[in-house]
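Notes follow the structure.
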Amino acid sequence: MQAAKYLTILALAAQVQPSLQQDEPDESHAGHSHDLDPAIFASSAATDEPIGSIMTLHLTTMIITFGFIYPIGMVLGLVRSRWHVPVQTLGSLLFVLGFFLAHAHSGRNYEPHTAHRGFAWFVVWSLVAQVAMGIYLKLHLERGIHGRIRRLFVFAHKCLGVLIPVIGYTQIVLGVIAVVGFCYGEETGQCLAHFIMGSSFVGYGIIMLLSLRVGGPWLLKRKRSQEWYDSWTITAWGIVNTFTEHRWGSNWNPTDFQHTSMGIIWVAAGMVGIWTSRHEQRSVVPAIVIALTAAAFQGHAQHVANSGHIHSFFGYMLMAGALSRIIEICFVWKKGVFKISPWQYMPPMFLMMAGVTFMGATEEQLMLLAEMGIDPSAYINILLSFAFFIFFYVNILLSMWERLSGYNNDHSTEGYTEVENVELHDNPDFLEDEEEDNFTKEQNGMQLGSISHDER
Numbered sequence: 001m002q003a004a005k006y007l008t009i010l011a012l013a014a015q016v017q018p019s020l021q022q023d024e025p026d027e028s029h030a031g032h033s034h035d036l037d038p039a040i041f042a043s044s045a046a047t048d049e050p051i052g053s054i055m056t057l058h059l060t061t062m063i064i065t066f067g068f069i070y071p072i073g074m075v076l077g078l079v080r081s082r083w084h085v086p087v088q089t090l091g092s093l094l095f096v097l098g099f100f101l102a103h104a105h106s107g108r109n110y111e112p113h114t115a116h117r118g119f120a121w122f123v124v125w126s127l128v129a130q131v132a133m134g135i136y137l138k139l140h141l142e143r144g145i146h147g148r149i150r151r152l153f154v155f156a157h158k159c160l161g162v163l164i165p166v167i168g169y170t171q172i173v174l175g176v177i178a179v180v181g182f183c184y185g186e187e188t189g190q191c192l193a194h195f196i197m198g199s200s201f202v203g204y205g206i207i208m209l210l211s212l213r214v215g216g217p218w219l220l221k222r223k224r225s226q227e228w229y230d231s232w233t234i235t236a237w238g239i240v241n242t243f244t245e246h247r248w249g250s251n252w253n254p255t256d257f258q259h260t261s262m263g264i265i266w267v268a269a270g271m272v273g274i275w276t277s278r279h280e281q282r283s284v285v286p287a288i289v290i291a292l293t294a295a296a297f298q299g300h301a302q303h304v305a306n307s308g309h310i311h312s313f314f315g316y317m318l319m320a321g322a323l324s325r326i327i328e329i330c331f332v333w334k335k336g337v338f339k340i341s342p343w344q345y346m347p348p349m350f351l352m353m354a355g356v357t358f359m360g361a362t363e364e365q366l367m368l369l370a371e372m373g374i375d376p377s378a379y380i381n382i383l384l385s386f387a388f389f390i391f392f393y394v395n396i397l398l399s400m401w402e403r404l405s406g407y408n409n410d411h412s413t414e415g416y417t418e419v420e421n422v423e424l425h426d427n428p429d430f431l432e433d434e435e436e437d438n439f440t441k442e443q444n445g446m447q448l449g450s451i452s453h454d455e456r
């Protein structure tokens, strides 16, 4: 019943915007308004008024919800914990609160067509769909057509549950950009490039860490090395860069040549990586691509003071991640050695550092840095602190999953956990909470099969 009440509240929240817009004042400096003179936003997507306590509370609420509560709830859902529904319900209630706060603030006004505002409705309806599917699955309707479509809903509920933290991260980034008024007008292109590529490197580091600690059964079942998937991703990303970095029909400039040529080399090197990583073979080609990308960015032309310093440090971190990965594959990783080496944590950590540094190197950020008189080295230290926190937080979530699911990576094959009779989840009760107070690790696991504790 509580879930049904919440779904009703969330559906009403999705319809509240028009009435809020009608009741907002028209004065440009008297509270929150969407009916402002477009000339106000000639150079920035935000006015100069203070942010205000309500908007600060909105930001805090959304960061707590999408940055902490939903990821923890996702882990609890993957291990079928009875705490999954309470945690997700708490997160959803905080989301509704934050949604209303966003329309009730005073002070600073924002350009009404920001990406954050448009993407918010995708976030809202994603959560509505997730809650609706969760309620449907909890009803345990398995007769007639329900029995045929239930498995589809289970799969969709699982996938959307995993994607919600990613969707939330995207909305948080767009929200921070909107609240400071950056990435507007002519700055949009370079801003997109920094945040998309920076987020990609952070995501790559997270995936690398997932593969290292808990991705073994999945890779073993498919008889592919991680580099095979990395190479396909590099190839696809290179194709996108090749055809999107230049605005077709306009004149070519040095930046277009740099970015397009980088896309071409990613396509070529990615195909080499696919070929060399066949038949479960490890390959250094993806790491070489990262090293070449680092070298290219260190020589990238810059237009803002201190930009070269920040971009050079980004290149150093990216190069460190690539070299540590090459050393790991060639010298540290040994077939049949079961324990994870401390060295293997270095590549994902350096990639996260590189990604966060690159996201903090947009032209507007660096111009603000110069105006405030902040030393670039101090700024880099702050960015690295964020990267270390992300690395720490991801490890906490992975440790939580390992503990609750009974996962054991000590006895494994080629660095991956050995699994007997592997069977992926097709149980209709997946992601549904158990009612028993005492449940075992077998009930709490992902049904990946029993982990063998016999060394071969």
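All residue numbers for the sequence shown refer to UniProt numbering, where the first residue is 1 and numbers rise by one. For glycine and all other residues, C-beta sits at the position ideal for the given N, C-alpha and C.
Asked                                                                                                                                                               : Found
Determine, using beta-carbon pairs with one atom in the segment 147-159 and one in the segment 211-218, whether at least three such pairs fall under 8 Å.           : no
Please tell me whether F95 and T65 are closer than 9 Å, where the distance is taken between their beta carbons.                                                     : yes
When the distance is taken between beta carbons, is W333 closer than 9 Å to S324?                                                                                   : no
Assign A387 to buried or exposed, taking buried as 16 or more other Cβ atoms, counted over all protein chains shown, within 10 Å of its Cβ.                         : buried
Please state if the CB of T362 and the CB of E245 are separated by a distance shorter than 9 Å.                                                                     : no
Out of I167, L220, L57, which one is the CA nearest neighbour of A104?                                                                                              : L57
Given a threshold of 16 other Cβ atoms within 10 Å of its Cβ, counted over all protein chains shown, does E142 qualify as buried or as exposed?                     : exposed
Work out the CA separation of W266 and E111 for me, nearest whole Å.                                                                                                : 37 Å
Which residue wins for smallest C-alpha separation from V123, given the options C191, I164, L404?                                                                   : I164
How big is the Cα-Cα spacing for C330 and M352?                                                                                                                     : 22 Å
Apply the 10 Å Cβ neighbour rule to I234 and answer buried if 16 or more other Cβ atoms are within range, or exposed otherwise.                                     : buried
Output the boundary residues of the alpha helix (DSSP H) element that contains N408.                                                                                : Run containing N408: none; DSSP gives neither H nor E here.
What is the C-beta distance between F358 and F201, in whole angstroms, given that I count them as a contact (C-beta under 8 Å)?                                     : 7 Å
Unbroken alpha helix (DSSP H) runs of length 4 or more, entirely within the segment 122-183: which are they?                                                        : 145-180
Specify, as a first and last residue, the run of the alpha helix (DSSP H) that T276 falls within.                                                                   : 254-276
Closer than 8 Å: is that where the CB of V124 sits relative to any heavy atom of the ligand ADP?                                                                    : Summarising the ligand content, the structure contains no ligands, and the ligand ADP is consequently not present.
What is the rounded straight-line gap between the Cα of F313 and the Cα of G205?                                                                                    : 17 Å
With a threshold of 7 Å on Cβ separation, who are the neighbours of P347 within its own chain once the five nearest residues in sequence on each side are excluded? : M208, G321, S324, R325, E328
Give the secondary structure of I374 by DSSP, where H, G and I count as helix, E and B as strand, and everything else as coil.                                      : coil
Fully enclosed by the segment 193-236, which alpha helix (DSSP H) runs are 4 residues long or longer?                                                               : 216-222
Using DSSP with H/G/I as helix, E/B as strand and the rest coil, what is I380?                                                                                      : helix
Need the endpoints of the alpha helix (DSSP H) that V285 sits in, please.                                                                                           : 285-298
So, under 8 Å CB-CB, residue 481 and H84 are touching, yes? Tell me the CB distance rounded to an integer number of Å.                                              : Past the boundaries of the shown model lies residue 481; the chain is included only from 1 to 456, so the question cannot be answered.
Using the beta-carbon count (16 or more within 10 Å), is Q88 buried or exposed?                                                                                     : buried
Would you please state the rounded distance, in angstroms, between the beta carbons of G91 and G67? I believe it to be under 8 Å.                                   : Not really, about 10 Å apart at Cβ, beyond 8 Å.
Could you check what DSSP says for Q190 in three-state terms: helix, strand or coil?                                                                                : helix
Tell me, to the nearest whole angstrom, how far the beta carbon of R108 is from that of I51; I am working on the premise that it is less than 8 Å.                  : 5 Å
Assign A236 to buried or exposed, taking buried as 16 or more other Cβ atoms, counted over all protein chains shown, within 10 Å of its Cβ.                         : exposed
What is the DSSP secondary structure of G449, counted as helix, strand or coil?                                                                                     : A caution first: G449 carries a pLDDT of 42, below 50, which makes its placement in the model unreliable, though a value can still be read off. Residue state, collapsed to three classes: coil.
Would you tell me roughly how many angstroms separate the C-alpha atoms of E402 and Y70, rounded to the nearest one?                                                : 18 Å
Using a threshold of 9 Å, state whether the C-beta atoms of G238 and A193 are closer than that.                                                                     : no
Tell me whether G189 is buried or exposed, calling it buried when 16 or more other Cβ atoms sit within 10 Å of its Cβ.                                              : exposed
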